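Position 33 of the sequence shown, counted from 1, bears residue number 111 in my numbering, the numbering being contiguous throughout. For every residue, glycine included, the Cβ atom is placed at its ideal position computed from N, Cα and C. The structure displayed is predicted, hence computed values, not measured ones.
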Amino acid sequence: MEDVVGTLEVGKAADLIVVDGRPDEELGALEKVTTTFVGGRRMHG
Numbered sequence: 079m080e081d082v083v084g085t086l087e088v089g090k091a092a093d094l095i096v097v098d099g100r101p102d103e104e105l106g107a108l109e110k111v112t113t114t115f116v117g118g119r120r121m122h123g
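Structural data, given as structure tokens:
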């Protein structure tokens, strides 16, 4: 399974969210999801 998941690399599947803001500075930015990727495919945004 390590060859498919675990890091962001070309050829690996990923679940990822893109937020509007800086969650490292403002946790509320995590509520402002602009794009969602599941299994490396765009699902929203």
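For residue i, the residue or residues it bridges with in DSSP
i: residue 94; result: 115
i: residue 120; result: 115
Residue i (DSSP reduced to helix, strand or coil)
i: residue 87; result: coil
i: residue 99; result: coil
i: residue 124; result: The requested residue 124 does not occur in the structure, where the chain is confined to residues 79 to 123.
Residue i CB to nearest heavy atom of the ligand SAH below 8 Å
i: residue 84; result: The ligand SAH is not part of this structure, which contains no ligands at all.
Residue closest to residue i, alpha-carbon to alpha-carbon, out of the options
i: residue 122; options: 97, 101, 103, 105; result: 97
i: residue 115; options: 87, 85, 108, 95; result: 95
i: residue 117; options: 92, 88, 109; result: 92
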